[in-house]
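Protein chains in written order, with the working numbering: chain A, 7 to 254; chain B, 7 to 254.
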DNA sequence: TAGTGGTCTAGACCACCCC
DNA sequence: GGGTGGTCTAGACCACTAG
């Protein structure tokens, strides 16, 4: 627990501590709704300052692993709730959690120039060259949804169809191969009737209702990097966590 | 900027500072994508520690108002993105932002005993008494969605139909009248065909696709307080912000 | 009243970006 | 090299909860 020595990796102390605690929780060393050790005690035990402990706790809180009650203690979220929180934002993890095998079939892989609509949401000039990828998402080989992605990558960066098919996940390709870390995405979600192509690709009945999700993904500098349209059949459920309360 | 004196309200310093900065941004004193003053400078100017400044900045970051870049500075999110972030999680705010007038029509207001399904998601014993409220949501008087809520309130607490109709918002009723602050909600979102009742209430065509959103809302102590089923017609778009990346 | 989390401070050093 | 945000510390006091 010392990032100055062995500055290999150089993971911050509070992240190391969070990893340690996360592992303890997931391995069942600590039971649901049981209190964690008090912050001061953890600080003493791991030989870090209380502030560092608090940062680790905050991280785990944001992940939905634990929560703090003023004056009472810090408690472990119940296992069902933890599982649900983990499934959020990840087709792959959610599928695995339900015991399914995630997959994809790449239908279209091309470079295109941005039209007005996409240029507008990505905040770029029309006719900028984009990567366009159209995929069918599979669970246990069954088609579940269609994803149309338009990516605006930094000049000189790109990837091949084979690279994407090997990774199996566009997100992992961005992070691992292109060093691009998505930080925030804004989504607009609605319903729509399946068109003929949707019916054919997803193996649905005519007139089936679809979940339509449009997403703009931004890098850490809040530069839009991807616009994505997703269509899911009625059997898929999108998971979400709400933490902002404006006054519904 | 001193909570020890005039301990009226006793709003923490970093929240006061966040309010100040938020107001400056919204009033246009600072322009989009312009850098904020450096943290050390803000600390000096407002006579607080740098750590307090950082807490305020973190708060505004979570709200989507600003973002920080290591080594470069802290910048103001562009206005369109700020607006979109503000609309999240709030039917009322989103509607107002689009220039509409939000409304509601209460269809059902009753006390019921929990069935097995609802008892399970709310983590309570079956036959516990719940408030059941069914409403149609309106924009400019037009029906947009149907919401079915089951509320599990602390013993002795309750509210009347008139109270709800006066507030116009179940959320505000919880916070202002019952001192219950929602902290996290987990949602499962999918699509479904409108049934006969949906068609009639929302004034849709037969076979219209609906957005179905099921939500469990929890209090600050992670006690489930509400289960809600929402059905929206194709004209409504649900807004969402994604900040967790597990590996899509 | 004792114990917990929440806020605040002052100062230090590191990591990153850009000139 | 100079300026920025990111991490870390040690200690103080406040606010809330529970026995």
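Note that CB positions come from ideal geometry on N, CA and C, so glycine has one too.
The residues 210, 214 and 216, in chain order, have a CB closer than 6 Å to that of residue 200 (chain B) in the same chain once the five nearest residues on each side in sequence are set aside. Under the 8 Å Cβ criterion, the stretch 242-249 of chain B counts as touching the stretch 188-200 of chain A, having at least three qualifying pairs. Among the residues facing chain B, residue 111 (chain A) is not included, as its CB has no counterpart in that chain under 7 Å away. Two segments are said to touch when three or more pairs of C-beta atoms, one from each, lie closer than 8 Å; by this definition the stretch 134-145 of chain B touches the stretch 115-122 of chain B. Contacts with chain B at 7 Å (Cβ-Cβ) do not include residue 23 (chain A). Taking a C-beta distance under 7 Å as the contact criterion, residue 80 (chain B) and residue 71 (chain B) do not qualify as a contact pair. Beta-bridge pairing by DSSP links residue 17 (chain A) to no other residue. For residue 169 (chain A), the enclosing alpha helix (DSSP H) begins and ends at 167-173. Taking the CA atoms as reference points, residue 154 (chain B) sits about 45 Å from residue 18 (chain A). In the DSSP assignment, residue 100 (chain A) falls outside any beta strand (DSSP E) and within the unbroken alpha helix (DSSP H) covering 97-103.
Here residue 151 (chain B) is buried. Its C-beta has 16 or more other C-beta atoms within 10 Å. Taking CB atoms only, residue 114 (chain B) has no neighbour in chain A less than 7 Å away. By the 16-neighbour rule on beta-carbons within 10 angstroms, residue 188 (chain B) is buried. For residue 49 (chain A), same chain residues with a beta-carbon under 8 Å away, outside a window of 5 residues either side, are 55, 56, 58 and 59 in chain order. Per DSSP, reduced to three states, the secondary structure at residue 224 (chain A) is strand. Residue environment: residue 203 (chain B) is assigned as exposed (fewer than 16 neighbouring CB atoms within 10 Å of its CB, all protein chains considered). Close CB contacts of residue 170 (chain A) within its chain, under the 8 Å cut and outside five residues either way in sequence, are with 112, 115, 139, 176 and 179 (chain order).
Here residue 33 (chain B) is exposed, its C-beta having fewer than 16 other C-beta atoms within 10 Å.
Counting C-beta pairs with one atom in each stretch, the stretch 91-101 of chain B and the stretch 119-138 of chain B have fewer than three that are closer than 8 Å, which means they do not touch.
The continuous alpha helix (DSSP H) containing residue 51 (chain A) extends over residues 45-52.
At a beta-carbon threshold of 7 Å, the residues of chain B lying near residue 242 (chain A) are 196, ordered along the chain. For residue 40 (chain B), the three-state secondary structure derived from DSSP is coil.
For residue 90 (chain A), at least one C-beta of chain B is nearer than 7 Å to its own C-beta.
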